[in-house]
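*Asks:* Before anything else, here's the structure in question.
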Amino acid sequence: MAAAARGRKPDEVKSAARVLEVLELLGTEGARLSLAEMASAMAVPKSSLHAILRTMEARRWVDLDASGTRYSLGLKALLTGTAYLEGDDVASLAGPVLDALAEETGESVHLGRLDGTDVVYLAKRESRHALRMYSAVGRRLPAHATALGKAMLSQYDAAEVQRRLDWPLARLTPDTVTDPDELIRQLAEARLQGWALDDGENSVDIRCVAVALGTGHGGDAISCSAPKSRMDDARVREIAGAVTEAAHALGTLLKRLGQH
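Okay, so the sequence shown: first residue is 1185 according to my numbering, each after it adds one.
Below you can see the structure in the form of structure tokens.
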């Protein structure tokens, strides 16, 4: 775990920053952490952090396990995250579009947003098949290793991509593209054809096709994923057409709202 405090800005209020660091740390780790583990990750004294955690627990932002020694996100964090999705125009309008795409393809469908160097899942629809990829709303993945991320990164020129990503790139599978030149080449191809492909780069044996919504900042995209056994090259092209239509439909809805 990297020290969360390293990214603190000099003009931040220390106590408020530490509360946010607790939420960010627990949200990123996705597991219960002890006071000592959190204090080490945040580079703060245990006594100071303990007082903050007591307040957050009382207000239900964090929970303690049965042993009373390990912390996780609390119910308030879930309620706040749900409120974010309900108030977001893209996420709220995407439901019927994602439903239709999932029904048409029979495969897992996602709406994702670019957040720094990562993609965050905002919505998902499950495949009708028993064999499917694992995913969850709120999950973060490196943008360079996902079709969603590559679709959104393709909206930027090579210099901006170089600036946005953390180099060297992390390798999630043997097929993850980590070479800068190859990634830039793939992004240019995605820009030209209108869709991006993840070919086992995030999860082994999973292929995924994604299309950016064209929101002006490359910030949102729709994808469809399936095991390679159900996603040969011909099926990839077929899925790409369906995802492109879905992205266009959602983009049209957003334009009618005057959002983009």
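Quick reminder that beta carbons are idealized off the backbone N, C-alpha and C, glycines included.
Do residue 1430 and residue 1335 come within 7 Å of each other at the CB atom, strictly closer than that value?
*Replies:* no
*Asks:* Going by the CB atoms, is the gap between residue 1243 and residue 1218 shorter than 7 Å?
*Replies:* no
*Asks:* Which same chain residues end up closer than 6 Å to residue 1323 when comparing Cβ atoms and leaving out the 5 residues on each side of it in sequence?
*Replies:* Around residue 1323: 1305.
*Asks:* Using beta-carbon positions only, say whether residue 1385 and residue 1350 come within less than 7 Å of one another.
*Replies:* no
*Asks:* With a Cβ-Cβ cutoff of 7 Å, do residue 1382 and residue 1392 count as a contact?
*Replies:* Contact flag set, yes.
*Asks:* Is residue 1282 near residue 1309, with beta carbons less than 7 Å apart?
*Replies:* yes
*Asks:* Given this structure, state the Cα-to-Cα distance separating residue 1261 from residue 1241, to the nearest angstrom.
*Replies:* Those two C-alpha atoms are separated by around 11 Å.
*Asks:* Would you mind stating whether residue 1426 and residue 1289 have Cβ atoms separated by less than 7 Å?
*Replies:* yes
*Asks:* Where does the unbroken beta strand (DSSP E) through residue 1294 begin, and where does it stop?
*Replies:* 1292–1299
*Asks:* Measuring CA to CA, which of 1245, 1344, 1357 and 1328 is closest to residue 1380?
*Replies:* 1328
*Asks:* Expressed to the nearest angstrom, what Euclidean distance is found between the alpha-carbon atoms of residue 1295 and residue 1339?
*Replies:* 17 Å
*Asks:* Who are the Cβ neighbours of residue 1258 in its own chain at under 6 Å, not counting the five residues just before and after it?
*Replies:* 1244, 1245, 1246 and 1247
*Asks:* Do you know how far the Cα of residue 1196 is from the Cα of residue 1337?
*Replies:* 30 Å
*Asks:* Please list the terminal residues of the continuous beta strand (DSSP E) segment that includes residue 1256.
*Replies:* 1254–1257
*Asks:* When the Cα atoms are used, what is the spatial distance from residue 1397 to residue 1434?
*Replies:* 7 Å
*Asks:* Can you name the start and end residues of the beta strand (DSSP E) that residue 1463 belongs to?
*Replies:* With the chain running from 1185 to 1444 in the structure shown, residue 1463 is simply not present.
*Asks:* If we call anything under 7 Å between Cβ atoms a contact, is residue 1369 one with residue 1362?
*Replies:* no
*Asks:* Mapping DSSP to helix, strand and coil, what is residue 1230?
*Replies:* Three-state DSSP puts residue 1230 in a helix.
*Asks:* From the DSSP secondary-structure annotation, give me the bridge partner or partners of residue 1409.
*Replies:* DSSP links residue 1409 through a beta bridge to 1292 and 1392.
*Asks:* Taking the C-alpha atoms as reference points, what is the distance between residue 1231 and residue 1371?
*Replies:* Using only the alpha carbons, I get a separation of about 48 Å.
*Asks:* Who are the Cβ neighbours of residue 1401 in its own chain at under 7 Å, not counting the five residues just before and after it?
*Replies:* Any reading at residue 1401 needs caution, since the residue's pLDDT is 42, under 50, leaving its predicted position unreliable; the model's value is listed next. Cβ neighbours of residue 1401 beyond the five flanking positions: none.
*Asks:* Taking the alpha-carbon of residue 1352 as reference, which of 1345, 1265 and 1364 has the nearest alpha-carbon?
*Replies:* 1364
*Asks:* Nearest to residue 1344 by alpha carbon, out of 1378, 1307, 1301 and 1320?
*Replies:* The shortest C-alpha separation from residue 1344 is found at 1301.
*Asks:* Taking the alpha-carbon positions, what's the residue 1221 to residue 1263 distance?
*Replies:* Answer to the nearest angstrom: the Cα atoms are 26 Å apart.
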